[in-house]
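Student:
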Amino acid sequence: MGYADQLFDLTDRVVLITGGSRGLGREMAFAAAHCGAVVIASRNMDNCLSTAKEIEAETGSTAMAYQVHVGRWDQLDGLVEATYDRFGKVDTVINNAGMSPLYEKLTDVTEKLFDAVVNLNLKGPFRLSALVGERMVAAGRGSIINVSSTGSLRPGADIIPYAAAKAGLNAMTEGLARAFGPSVRVNTLMAGPYLTDVSKAWNLDQDQTNRFAQLSLQRAGNPSEIVGAALFLASDASSFTTGSIVRADGGIP
Ligand SMILES: NC(=O)c1ccc[n+]([C@@H]2O[C@H](COP(=O)([O-])OP(=O)(O)OC[C@H]3O[C@@H](n4cnc5c(N)ncnc54)[C@H](OP(=O)(O)O)[C@@H]3O)[C@@H](O)[C@H]2O)c1
Numbered sequence: 021m022g023y024a025d026q027l028f029d030l031t032d033r034v035v036l037i038t039g040g041s042r043g044l045g046r047e048m049a050f051a052a053a054h055c056g057a058v059v060i061a062s063r064n065m066d067n068c069l070s071t072a073k074e075i076e077a078e079t080g081s082t083a084m085a086y087q088v089h090v091g092r093w094d095q096l097d098g099l100v101e102a103t104y105d106r107f108g109k110v111d112t113v114i115n116n117a118g119m120s121p122l123y124e125k126l127t128d129v130t131e132k133l134f135d136a137v138v139n140l141n142l143k144g145p146f147r148l149s150a151l152v153g154e155r156m157v158a159a160g161r162g163s164i165i166n167v168s169s170t171g172s173l174r175p176g177a178d179i180i181p182y183a184a185a186k187a188g189l190n191a192m193t194e195g196l197a198r199a200f201g202p203s204v205r206v207n208t209l210m211a212g213p214y215l216t217d218v219s220k221a222w223n224l225d226q227d228q229t230n231r232f233a234q235l236s237l238q239r240a241g242n243p244s245e246i247v248g249a250a251l252f253l254a255s256d257a258s259s260f261t262t263g264s265i266v267r268a269d270g271g272i273p
């Protein structure tokens with residue numbers, strides 16, 4: 021095994037990824053499965069199953085599909101039980117499932133929409149981290165990665181509930197790092213703009229250049245470009261990194 025392979029080694033690790041069926045989660049799932057087993061959890065079971073099948077065919081690793089609504093507190097117990105029943109452990113949780121609905125004006129935001137945004141981006145990651153974090157502490161190791169957004173640092177007018185939920189996630193990361201240390205690490209992986217299904221709402225055909233001109237890299241990220249930072253945080257390469265924010269965002273102004 022080469023030096024870098026050793027540093028970022030995830031051999032035989034079990035990585036649980038919410039929203040692993042599409043977008044950034046799917047990329048991270050493929051990357052993790054090149055070393056160990058993965059659990060793909062999202063609402064659409066067909067998507068989870070087909071992604072799991074593709075991952076197994078490409079990597080030879082085990083990929084388990086699980087249907088769950090991450091915004092529903094009581095569904096997360098089942099996800100954790102099923103994962104431990106199957107693998108006996110979880111080494112890394114990636115709280116990745118999220119949604120960022122846009123709106124024209126603030127009064128268009130209903131209570132239902134506000135609650136759904138907070139439930140998925142903040143409440144679900146809290147509950148899943150609580151359930152798995154305790155077991156990780158008992159096992160003596162683990163890494164939890166919370167996928168946040170640069171919107172939490174620079175909230176645009178059209179994403180305020182989302183930005184607030186992700187800002188809560190940033191704060192939660194630090195608290196969880198204290199709760200689960202010293203054996204378990206918890207970090208925020210902060211994404212900037214990536215070309216996933218989310219970007220379809222951005223009307224990129226019209227002003228691709230202008231939209232990203234203010235980023236240092238002057239472009240949106242391709243989903244595969246999240247992988248390096250995720251592997252860093254999942255593996256022992258980040259053994260002295262916890263409660264922190266790692267930004268993979270193209271350089272926000
Ligand atoms: N793309 C960006 O530009 C960007 C920027 C900053 C931060 N982020 C963050 O990065 C993460 C991934 O974003 P993405 O762009 O990859 O999103 P995406 O392409 O829309 O994929 C979202 C994933 O989450 C799952 N999901 C959505 N709602 C769910 C729910 N209620 N319960 C369980 N799973 C759910 C989806 O599967 P199902 O539909 O089957 O449930 C899908 O697998 C999110 O947390 C997002 O906020 C993205």
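The numbering used here applies: residue 21 is where the sequence shown begins, and numbers increase by one. Don't be surprised by glycine CBs; every beta carbon is placed ideally from N, CA and C.
1) Can you look up Gly241 in the DSSP assignment and give me helix, strand or coil?
2) Mind checking who Leu209 pairs with in its DSSP beta bridge?
3) Rounded to the nearest angstrom, what separates Ala199 and Phe134 at their Cα positions?
4) Taking Gly171 and Val206 to be in contact with their CB atoms under 8 Å, please state how far apart those CB atoms are, rounded to whole angstroms.
5) For a test of your reading of the model: does the CB of Ser219 fall under 8 Å from any non-hydrogen atom of ligand 1? Yes or no.
6) Please go through the region 39–121 and give each complete alpha helix (DSSP H) segment of 4 or more residues, from N-terminal end onward.
7) Could you compute how far the alpha carbon of Gly140 sits from the alpha carbon of Leu27?
8) If I measure Cβ to Cβ from Cys55 and keep anything under 6 Å in the same chain, skipping five residues before and after, which residues do I get?
9) Taking the alpha helix (DSSP H) that Asn190 falls in, what are its first and last residues?
10) Taking only heavy atoms of ligand 1 into account, decide whether any of them is closer than 8 Å to the Cβ of Val100.
11) For the 8 Å Cβ check, are there 3 or more pairs between the region 188–199 and the region 240–249?
12) Apart from the five residues just before and just after Gly39, which ones in its own chain have a Cβ nearer than 6 Å to its Cβ?
Tutor: Reading from the atomic positions:
1) Along the sequence shown, one-based indexing puts residue 241 at 221. Residue state, collapsed to three classes: strand.
2) Walking along the sequence shown from the start, residue 209 turns up at place 189. Leu209 is bridged to Val167 and Val266.
3) Position 179 of the sequence shown, counted from the start, is the residue given in the question as residue 199. Position 114 of the sequence shown, counted from the start, is the residue given in the question as residue 134. Distance between the alpha carbons of Ala199 and Phe134 is about 28 Å.
4) As a working note, residue 171 is residue 151 in the sequence shown. As a working note, residue 206 is residue 186 in the sequence shown. With a Cβ gap of about 20 Å, Gly171 and Val206 do not count as contacting.
5) Within the sequence shown, the letter at position 199 stands for residue 219. Distances taken from the Cβ of Ser219 to the heavy atoms of ligand 1 include one shorter than 8 Å.
6) Counting whole runs of 4 or more residues, the region 39–121 contains the alpha helix (DSSP H) stretches 43–53, 65–79 and 93–107.
7) Position 120 of the sequence shown, counted from the start, is the residue given in the question as residue 140. Position 7 of the sequence shown, counted from the start, is the residue given in the question as residue 27. Note on residue identity: the sequence assigns Leu, not Gly, to residue 140. Distance from the CA of Leu140 to the CA of Leu27, rounded to the nearest whole angstrom, comes to 33 Å.
8) In the sequence shown, the residue the question calls residue 55 occupies position 35. Counting only Cβ-Cβ distances below 6 Å, and skipping sequence neighbours, we find Leu30 and Thr31.
9) In the sequence shown, residue 190 corresponds to position 170, counting from 1. Asn190 -> alpha helix (DSSP H) spans Ile180 to Phe200.
10) Start at 1 with the first residue of the sequence shown, and residue 100 comes out as number 80. Checking every heavy atom of ligand 1 against the Cβ of Val100, none is found closer than 8 Å.
11) no
12) As a position in the sequence shown, residue 39 is number 19, starting the count at 1. The residues are Gly45, Ser62, Asn116 and Ala117.
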